[in-house]
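Using our numbering, you'd call the opening residue of the sequence shown number 1377 and step up by one each time. Heads up, the beta-carbon is just placed ideally off N, CA and C, and yes, glycines get one too. As the structure is a computational prediction, the values presented were derived from the model and not from experiment. Notes for the one structure printed next.
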Amino acid sequence: MTDHEVEFFKENGWVLLPRLVGPGRVDGLRDRALGYLRTRSRERATLVDQAFGQSRDIAESDEAFHDLAFDAAMGRCATRLLHGVRGVRVQVTNLLIKEPGDDGHGATEFHQDFPWMPMDRSAMLTVWLALADVPAGMGSLRFYNGSHRHGVLGRSFTRDGDDQLTQHPWLKELELSPPLDLRAGDATVHHALTVHGAGANRGDTPRLSFTVTYFDADALYTGTPYKQTDGLGLQVNAPFDHPRFPVVSHA
Ligand SMILES: O=C(O)CCC(=O)C(=O)O
């Protein structure tokens, strides 16, 4: 990662990292992803399910995705991008699929990731890795530049019409990132406060991606109810010192 890429992320709240993963490795990851996604639940109960399908926590059971998410170089990149943090932990890994066609998935409404989180600070980012080519028309992510500097703007996906642009029309004054044509192995990285979304998949093959979310290793648990952390025995006002959240990198 170059100094320019780090500066771009600080300024805009997102950055494109071309060729984060080389072609041979990404082909292997894509084959594994297709196997898992075939067996995923197809329920469309929530507004998120209507935007994309998921296989959450994939790195807990799959060695290849584990190696990538917990790669020390990835951790160092996340630590560097999050400016001022001493290290990072993995919050979640995920395989995402956006199916094309009339009975496929819809758009991903513009939202922030952080408002759901049980962490006491917002230093958190997601690496979104294209597992196959994702031309813009297949729904690569778009970002409101600089929106990460406007604080916590509230939850989306709780009811129809709660996307960030409806809640905060002033966001349209910010520049929208250009449509990105990603090749397999390219990644975008976005801050958890950056308002982002994606169009529906207008291609004819599924949009496939792997995501890993890193957060400040010094963040404290707030006790906010959250499916992933409920019942783990985490202590309110203490760090996430639990086998589910190992520290990946210390600066
Ligand atoms: O892939 C998408 O359409 C949305 C993913 C997303 O919002 C995220 O990874 O934070």
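{"Asked": "Alpha carbon of Trp-1504 to alpha carbon of Asp-1479, nearest angstrom", "Found": "24 angstroms"}
{"Asked": "Exposure label - Tyr-1602; buried when at least 16 CB within 10 Å", "Found": "exposed"}
{"Asked": "Start and end residues, alpha helix (DSSP H) containing Glu-1436", "Found": "It is not in any alpha helix (DSSP H) - Glu-1436 carries neither H nor E in the DSSP assignment."}
{"Asked": "Length of the line joining the Cα atoms of Leu-1472 and Cys-1453", "Found": "22 angstroms"}
{"Asked": "8 angstroms Cβ cutoff met for Ser-1523 and Thr-1570", "Found": "yes"}
{"Asked": "Candidates Met-1377, Leu-1423, His-1618 and Gly-1429: closest to Thr-1415 by CA position", "Found": "Gly-1429"}
{"Asked": "Selection from Ser-1532, Met-1500 and Val-1624 that minimises the alpha carbon distance to His-1487", "Found": "Ser-1532"}
{"Asked": "Heavy atom of ligand 1 within 7 angstroms of Gly-1515 beta-carbon", "Found": "yes"}
{"Asked": "Rounded straight-line distance, which links the Cα of Gly-1573 to that of Thr-1605", "Found": "25 angstroms"}
{"Asked": "Cβ separation of Ile-1434 and Thr-1469, assumed to be a contact under 8 angstroms, to the nearest whole Å", "Found": "5 angstroms"}
{"Asked": "First through last residue of the beta strand (DSSP E) which encompasses Ala-1563", "Found": "1563-1567"}
{"Asked": "Assigned exposure category for Lys-1474 - 16 Cβ within 10 Å defines buried", "Found": "buried"}
{"Asked": "Candidates Phe-1591, Arg-1408 and Leu-1610, of which the one nearest Gly-1463 by Cα", "Found": "Phe-1591"}
{"Asked": "CA-to-CA distance, Val-1623 to Phe-1586, given in whole angstroms", "Found": "20 angstroms"}
{"Asked": "CA-to-CA distance, Asp-1509 to Val-1382, given in whole angstroms", "Found": "24 angstroms"}
{"Asked": "Rounded straight-line distance, which links the Cα of Thr-1455 to that of Gln-1543", "Found": "31 angstroms"}
{"Asked": "Leu-1472 beta carbon near ligand 1 (any heavy atom closer than 7 angstroms)", "Found": "yes"}
{"Asked": "Selection from Gly-1513, Leu-1550 and Ser-1431 that minimises the alpha carbon distance to Gly-1579", "Found": "Gly-1513"}
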